[in-house]
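K.L.:
2 protein chains.
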Amino acid sequence: MLLGSTVIASAVAATAGFTGGYVSSGHDTNITGGELPAPENVGDAKTIGLLLFDGVEELDFAGPWEVFGAWAADFPQDKYKPVSISLASRQVRCAQGLDVVAQHTYEAAPPIDVLLVPGGKGWRTLVDQPESIAKIQKLTERVELVASVCTGALLLAKAGFLKNRRATTHWSALDTLTQLDSTIIVDRNSRYVDGGNYVTSSGVSAGVDMALYVVSKLGGPSRANDVAHALQYTHQWQL
Amino acid sequence: MLLGSTVIASAVAATAGFTGGYVSSGHDTNITGGELPAPENVGDAKTIGLLLFDGVEELDFAGPWEVFGAWAADFPQDKYKPVSISLASRQVRCAQGLDVVAQHTYEAAPPIDVLLVPGGKGWRTLVDQPESIAKIQKLTERVELVASVCTGALLLAKAGFLKNRRATTHWSALDTLTQLDSTIIVDRNSRYVDGGNYVTSSGVSAGVDMALYVVSKLGGPSRANDVAHALQYTHQWQL
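Line by line, the protein sequences are chains A and B.
Under the UniProt record's numbering, the first residue of the first sequence is numbered 1, with each subsequent residue one higher.
Under the UniProt record's numbering, the first residue of the second sequence is numbered 1, with each subsequent residue one higher.
1) 9 Å is my cut-off, CB to CB: does Gln103 of chain A come that close to chain B?
2) Just the chain A side, please: which residues come within less than 9 Å of Ala167 of chain B by C-beta, in chain order?
3) List, in order along the chain, the chain A residues whose C-beta lies closer than 7 Å to that of Val214 of chain B?
4) So, at 6 Å on beta carbons, what are the nonlocal neighbours of Ile185 of chain B in its own chain, with the 5 sequence-adjacent residues on each side left out?
5) Cα-Cα, which of A:Thr140, A:Leu218 and A:Leu177 is closest to Phe75 of chain A?
6) CA-CA distance, Gln96 of chain A and Thr151 of chain A?
7) Pair every Cβ in the stretch 58-78 of chain B with every Cβ in the stretch 111-120 of chain B, then say whether three or more of these pairs are closer than 8 Å.
8) If you follow the alpha helix (DSSP H) that Lys217 of chain B is in, where does it begin and where does it stop?
9) Examine chain B for any beta-carbon lying closer than 9 Å to the beta-carbon of Leu59 of chain A, and answer yes or no.
10) To the nearest angstrom, how far is it from the Cα of Ala73 of chain B to the Cα of His229 of chain B?
11) Interface residues of chain B around Asp113 of chain A at Cβ under 8 Å?
12) In chain B, what lies closer than 7 Å to Ala224 of chain A by C-beta?
13) By the 10 Å Cβ neighbour count, where 16 or more other Cβ atoms means buried, how is Ala109 of chain A classified, buried or exposed?
14) Going by beta-carbon coordinates alone, are Leu162 of chain A and Ile136 of chain A separated by less than 9 Å?
15) Run through DSSP, which three-state label would Ile136 of chain B get?
16) Taking the continuous beta strand (DSSP E) assigned at Asp99 of chain A, which residues delimit it?
17) Starting from the beta carbon of Leu231 of chain B, find every residue of chain A whose beta carbon is closer than 8 Å, and list them in chain order.
18) By how many angstroms is the C-alpha of His170 of chain B removed from the C-alpha of Arg124 of chain B?
19) Relative to chain A, which residues along the stretch 52-78 of chain B have a C-beta separation below 9 Å, given in chain order?
20) Let me see if you follow: with CB-CB separation under 9 Å, is Ala95 of chain B close to chain A or not?
21) Specify the secondary structure class of Val143 of chain A as computed by DSSP and reduced to three states.
22) For Gly122 of chain A and Val56 of chain A, I'd like the C-alpha separation in whole angstroms.
23) For Glu144 of chain B, count neighbouring Cβ atoms within 10 angstroms of its own Cβ and tell me buried if that reaches 16, exposed if not.
24) Which of helix, strand or coil does DSSP assign to His104 of chain B?
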């Protein structure tokens, strides 16, 4: 009953905040030609760093980006904000051909509080680059939570983070996860798995569910409901 | 029973095709600095044009982009391919701060067979720009199907396309849809609405469901199941 009331109050808050195209937060800057936009100032908000790299799968990062972006825009009082970080050059070509410009390179990234590693065919290149794996290890040094989507879990496995932890990945890569680290307790059925401070998700679209779960961990279940309502997301995820 | 067999066969086909990070189609080009990538050659495939503009909501276009991109990559024999088209400059700042580089400007766009108009707060600027509405009207002149996500329906309404049609939009904008054109039969409950050759969807995340429905219209229900399986999407959509 109390939960019911909380959900109703949250829905009202969401109505007053994000309104599907009316939301006034964000940017109106016109970007011209090939000029790179200026990196964002994240103020005193904690940062959720989304890692970008050539061959990253679009929805793997864009789903969580949307979840965290709507959360930050509609509920700035929670003080979390997504930032995009490229492992190499700021301009990234994604797996399905979309070109994205990251806000920061790895070298110029602000301190990260939560790291999200998406997947996509680019993982195959990164997994054999010790310097890229080292960058991921470095980025996670001070974070409170690490999340992966899809084959992003394979990069976390390579970096040695999932040792003896429960984890999952895209259905096509479950066996590879075991091959990379046989101590991982591979969950072949869950949409996402909370393995302590490492939350991994299954393939592509599951990143949205996992991101909402991360919002519930960091901001509470009622807030996750608010964000889902704003995005008109009709739950595959469960709190 | 026959349908059951078809779905199983499709799952096998998807396993052989898209494999969540193993997929070999696409691009490996490294893009450096502020240099704009070269526009894509779409060959003899029919084009699904996704419209981009400043203030477009990220998931509104990235969800359908992922669906159509995975379809094109895994089943090139179907000869449909997504292309991104910006109404103004190629570099676009999205509603939640993501920077994206469109493949084409409106002026240099290839012929479009299917047009998808996403939403996002940028619609409020566009709706008062006769030249932008005229561009949308021009882009739809030769298409076989027009789709919108979220508040993208408001732009279609302004362009006069939804007259006497069934349509929907984000929950927060349903009344605005009626205000823009009182002849629209507003569906307040459906995740997406097929109003003839105009398919509109509700808010943000519903674009994925709608895009899968479009795949089923253009490529058949079994193909839509293949793509959903590749993206590990566990159906909110119904064929």
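C-beta atoms are modelled at their ideal positions from N, C-alpha and C, and glycine is treated no differently.
Computed from a predicted model, the values in this text were never measured in an experiment.
P.N.:
Here's the rundown:
1) yes
2) Per Cβ cutoff of 9 Å: no residues; Ala167 of chain B is ~15 Å from chain A at best.
3) By Cβ distance, chain A contributes nothing, its closest Cβ being about 16 Å from Val214 of chain B, past 7 Å.
4) Arg166
5) A:Leu218
6) 15 Å
7) yes
8) Ala206 to Gly219
9) yes
10) 14 Å
11) Result: empty, since nearest Cβ-Cβ is about 17 Å, beyond 8 Å.
12) Chain B residues near Ala224 of chain A: none, gap ~14 Å exceeds 7 Å.
13) buried
14) no
15) helix
16) Asp99 to Val101
17) Leu59, Gly203, Val204 and Ser205
18) 14 Å
19) Asp54, Gly55, Glu57, Glu58, Leu59, Asp60, Phe61, Ala62, Gly63, Trp65, Glu66, Val67, Phe68, Gly69, Ala70, Ala72 and Ala73
20) yes
21) coil
22) 6 Å
23) exposed
24) strand
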